[in-house]
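One structure below.
2 protein chains.
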Amino acid sequence: MPLAARQEHLLNELRRSNGELSGQDLHARLRQGPHPMGLATVYRHLRQLQQLGLVRCRHLPSGEALYAPVERDEHHLTCVDCGSTTTLESCPVHGAHLSPAQLGGFKPLFHTLEFFGLCDACQQRQQAW
Amino acid sequence: MPLAARQEHLLNELRRSNGELSGQDLHARLRQGPHPMGLATVYRHLRQLQQLGLVRCRHLPSGEALYAPVERDEHHLTCVDCGSTTTLESCPVHGAHLSPAQLGGFKPLFHTLEFFGLCDACQQRQQAW
DNA sequence: GTTGATTTTGAGAATGGTTCTTGGTTGAAG
DNA sequence: CTTCAACCAAGAACCATTCTCAAAATCAAC
Ligand SMILES: [Mn+2]
Ligand SMILES: [Mn+2]
Ligand SMILES: [Zn+2]
Ligand SMILES: [Zn+2]
Numbered sequence: 001m002p003l004a005a006r007q008e009h010l011l012n013e014l015r016r017s018n019g020e021l022s023g024q025d026l027h028a029r030l031r032q033g034p035h036p037m038g039l040a041t042v043y044r045h046l047r048q049l050q051q052l053g054l055v056r057c058r059h060l061p062s063g064e065a066l067y068a069p070v071e072r073d074e075h076h077l078t079c080v081d082c083g084s085t086t087t088l089e090s091c092p093v094h095g096a097h098l099s100p101a102q103l104g105g106f107k108p109l110f111h112t113l114e115f116f117g118l119c120d121a122c123q124q125r126q127q128a129w
Numbered sequence: 001m002p003l004a005a006r007q008e009h010l011l012n013e014l015r016r017s018n019g020e021l022s023g024q025d026l027h028a029r030l031r032q033g034p035h036p037m038g039l040a041t042v043y044r045h046l047r048q049l050q051q052l053g054l055v056r057c058r059h060l061p062s063g064e065a066l067y068a069p070v071e072r073d074e075h076h077l078t079c080v081d082c083g084s085t086t087t088l089e090s091c092p093v094h095g096a097h098l099s100p101a102q103l104g105g106f107k108p109l110f111h112t113l114e115f116f117g118l119c120d121a122c123q124q125r126q127q128a129w
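Protein chains in written order, with the working numbering: chain B, 1 to 129; chain P, 1 to 129.
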């Protein structure tokens, strides 16, 4: 089954963007262009693209979900104090495959790996106390 | 600075539990016991315990946050279709440390690593179509 | 081209976990 | 006994996401 036109447009918008986008972001961007789309439709198709293994998604501590093309394998360091994030240049689990025993029939489509801790600045600030 | 009594109770409740708990869960459980606590206080202290590196947190696809003692190093396979999850017996990045260059002063406290894909049952169901 | 069934869509309402506001309580210091 | 700051709880507010359901688009005969 090929992708519907609407889903293509959504995926293109995601690929066009440098960074990850939230559902709201996508809705706002599409609203401007030649292929506007209702918010409900954006979320509907994001879920479908995820199930097809074409889009991945991670959740910010705020609860907001960010989407990206699945081929973009990025991970982050996030400060639990100030919330600042930096992106890792390489994926620490790239290639590290799970054994079939661990998978038990599960077919992996993507993964999220995020590190949480204290950034340099916030450590300094705590020291001061 | 030692932990406040309220924070201890919260941490104890988390440690007492077998699985991860949401903020709501914790509030409900504490409500029963000898140390009830308002919902706002639960969330306040969960954030503080996280910044102290004593508690970790991950987000379900639903957006709900689940908390656990930081020493509990668990990860999951989650089906993007039916939402079922299974727990991995070992952490694939345990020991795989980040280089100081990658960290750049960042002090890691915990990490989240979650795999998303299709469970056996949902793959079957898709085949049937 | 018409018709009726099926699928897709989107505006707005509903949901629900988390955070904010506010006013009260506690407890130590003076 | 005051004062003052820290802590706390109840409920309101917030807001991203999901749900509802009527309208629109698409499809499939005829
Ligand atoms: Mn990766
Ligand atoms: Mn781990
Ligand atoms: Zn920071
Ligand atoms: Zn499944």
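All C-beta atoms, glycine included, are put in the ideal place defined by N, C-alpha and C.
Does ligand 4 have even one heavy atom less than 7 Å from the beta-carbon of LEU109 (chain B)?
no
Cβ separation of ARG58 (chain B) and LEU66 (chain B), assumed to be a contact under 8 Å, to the nearest whole Å:
With a Cβ gap of about 6 Å, ARG58 (chain B) and LEU66 (chain B) count as contacting.
How about LEU10 (chain P) and LEU49 (chain P): are their beta carbons less than 8 Å apart?
Taking 8 Å as the Cβ cut-off, LEU10 (chain P) and LEU49 (chain P) qualify as a contacting pair.
If you measure from the CB of ALA121 (chain P), is any heavy atom of ligand 4 nearer than 7 Å?
yes
Same chain, Cβ closer than 8 Å to ARG15 (chain P), neighbours up to 5 away in sequence not counted
PRO69
Contact the region 84-93 of chain P vs the region 79-96 of chain B: 3+ CB pairs below 8 Å:
yes
Taking 7 Å as the cut-off, is the beta-carbon of ASP81 (chain P) closer than that to any non-hydrogen atom of ligand 4?
yes
Whether or not the region 106-121 of chain B and the region 76-88 of chain B are in contact is what I'm after, with contact meaning three or more pairs of Cβ atoms, one per stretch, closer than 8 Å; do they touch?
yes
Go ahead and pull the three-state DSSP assignment for VAL42 (chain B).
Correct three-state label for VAL42 (chain B): helix.
Counting only Cβ-Cβ distances shorter than 8 Å, please list the residues of the region 97-129 of chain P near chain B, keeping chain order.
Under the 8 Å Cβ criterion, the region 97-129 of chain P contributes LEU98, GLN102, LEU103, GLY104, GLY105, PHE106, LYS107, PRO108, LEU109, PHE110, HIS111, THR112, LEU113, GLU114, PHE115, PHE116, GLY117, LEU118, CYS119, ASP120 and GLN123.
Distance, LEU77 (chain B) Cα to LEU103 (chain P) Cα
8 Å
Is there a Cβ of chain B sitting closer than 8 Å to that of PRO69 (chain P), yes or no?
Chain B, which has no Cβ nearer than 8 Å to the Cβ of PRO69 (chain P), makes this no.
As assigned by DSSP and simplified to three states, the class of ALA28 (chain B):
Of the three classes helix, strand and coil, the one that applies to ALA28 (chain B) here is helix, per DSSP.
Any idea if GLU71 (chain P) is buried or exposed, counting beta-carbon neighbours within 10 angstroms, 16 or more meaning buried?
Classification of GLU71 (chain P): exposed, given that the 10 Å Cβ count is below 16.
Flag this pair as yes or no: are the beta carbons of GLY23 (chain B) and VAL42 (chain B) separated by less than 8 Å?
Remark: C-beta atoms of GLY23 (chain B) and VAL42 (chain B) approach each other more closely than 8 Å.
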